[in-house]
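Novice:
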Amino acid sequence: MARTNEPFEGIIMNVRNYRERDQLVKILTDKIGPAMFLVLGARRKNFKLAADILPFTHGRYVGWLSPDKLNYIVTAQETHQFRHLGDDIDANAYATYLLELVDRAFDDGHAIGAWFDQVMAALQLIDDGQDPQIVVNVLEVQLLIRFGVMPEWRHCVICGENTKLMDYSEAYGGLLCVNHWDQDPHRLHLDAKTVNYLRFFATLNLQQVNQIQVAPLVKRNLRWALDKIYGDQVGLRLKSKRFIDQMAEWDQALKNGPEK
Ligand SMILES: [Zn+2]
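Residue numbering for the sequence shown follows my numbering, starting at -11 and increasing by one per position.
(1) If distances are taken between C-alpha atoms only, which option among L37, V166, T182 and F104 comes closest to G148?
(2) What number of angstroms, rounded off, separates the C-alpha of R4 from the C-alpha of L58?
(3) Between the Cα of L12 and those of L42, G21, D170 and N34, spot the shortest distance and give me the residue it belongs to.
(4) Given 8 Å as the limit, is there contact between the region 8 to 28 and the region 38 to 52, that is, 3 or more CB pairs closer than that?
(5) Is any heavy atom of ligand 1 found at a distance shorter than 7 Å from the C-beta of H174?
(6) What does the alpha-carbon distance come out to for the pair L242 and F44?
(7) For ligand 1, is there any heavy atom lying closer than 7 Å to the beta carbon of E149?
(8) Could you tell me whether any non-hydrogen atom of ligand 1 is closer than 7 Å to the CB of L178?
(9) To the nearest angstrom, report how far apart Q118 and N2 are at their CA atoms.
(10) Below 8 Å on the Cβ atoms is my contact criterion, and I expect H72 with D105 to pass it. Report the Cβ-Cβ distance as a whole number of Å.
(11) So what does DSSP say about M108, is it helix, strand or coil?
(12) Who are the Cβ neighbours of I(-1) in its own chain at under 6 Å, not counting the five residues just before and after it?
(13) Within the same chain, show all residues whose beta-carbon is closer than 6 Å to that of H250, passing over the 5 residues directly before and after it, in chain order.
(14) By the DSSP assignment, the beta strand (DSSP E) with L164 in it spans what residues?
(15) Using 8 Å as the Cβ pair cut-off and three pairs as the minimum, do the region 126 to 140 and the region 185 to 195 touch?
(16) Pull up the distance between the alpha-carbon of P204 and that of L210, whole angstroms please.
(17) Is A79 buried or exposed, if buried means 16 or more other CB atoms sit within 10 Å of its CB?
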């Protein structure tokens, strides 16, 4: 397909220096999903698009898009930086992880449809100061399908029951009702609240959310359950996620005081 010069909406995912004067900028676009852009002269002083290609910037750009080759930004129209994502270490870490996860979940050069708005809404909520772990947990549940894991969250995979007490089974790839817990001794043994949140997250449209608050214990259980599912069923362990885990360990160490 020939290159076409067209407007698109984009979120800057990451930036790295390339050659002496240029940068390679990965952008999540509404038109062709994640895509790599070569920005010529980006490392020169007074480069006119410098502010438009900083990480965690979103906006409207015009570029030469090509589904299978390098892309070029011609100009930026309106851009806006998510300030809080740059300043706050927690928000920054989760937003970085979210974008790395999205980068893994989708192929470069392919449109991602409504996912673009969902990712945009997630970043906006984190930028607004909502709990970044919970926002990211929502996307983690929803992105499972992109990694080939399709949990049945609607009802028990064996009998179709959907009102009884439920637990998640990796072996069955979905929920088991209390009557069928004996079918899988390795079910995750999750509490009812955690299971309810996982089910709720599976279909939650983040564009319709203003505020999410989850109790600390349930947050820990959600973190545990999703780490388990991503470790066992997806087999994904991202660098940006390891950083988040480290921060949690440091937090815990600070609370415990010096080791004795
Ligand atoms: Zn059942």
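Note that CB positions come from ideal geometry on N, CA and C, so glycine has one too.
Specialist: If we stick to the structure as given:
(1) Ranking the options by Cα distance to G148, first place goes to V166.
(2) Within the model, the alpha-carbon separation for R4 versus L58 is close to 15 Å.
(3) Checking every option, the nearest Cα to that of L12 belongs to L42.
(4) In short, these stretches touch, since the Cβ pair count reaches three.
(5) It does not: the Cβ of H174 is nowhere closer than 7 Å to a heavy atom of ligand 1.
(6) If you take the alpha carbons of L242 and F44, they lie about 30 Å apart.
(7) Set against 7 Å, the gap from the CB of E149 to the closest heavy atom of ligand 1 is smaller.
(8) Using a cutoff of 7 Å, the CB of L178 does not count as near ligand 1, since none of the ligand's heavy atoms is closer than that.
(9) Their Cα atoms are separated by approximately 23 Å.
(10) With 8 Å as the limit, H72 and D105 do not qualify as a contact, their Cβ atoms being about 20 Å apart.
(11) In the structure shown, M108 falls within a helical segment according to DSSP collapsed to helix, strand and coil.
(12) Same-chain partners within the cutoff: L16 and H46.
(13) Here the chain comprises residues numbered -11 to 248, so residue 250 is not present and cannot be evaluated.
(14) Secondary structure note for L164: its beta strand (DSSP E) is the uninterrupted segment G162 to C165.
(15) In this structure the region 126 to 140 touches the region 185 to 195; the number of beta carbon pairs closer than 8 Å is three or more.
(16) Distance between the alpha carbons of P204 and L210: 10 Å.
(17) Only buried fits A79, as 16 or more other CB atoms lie within 10 angstroms of its CB.
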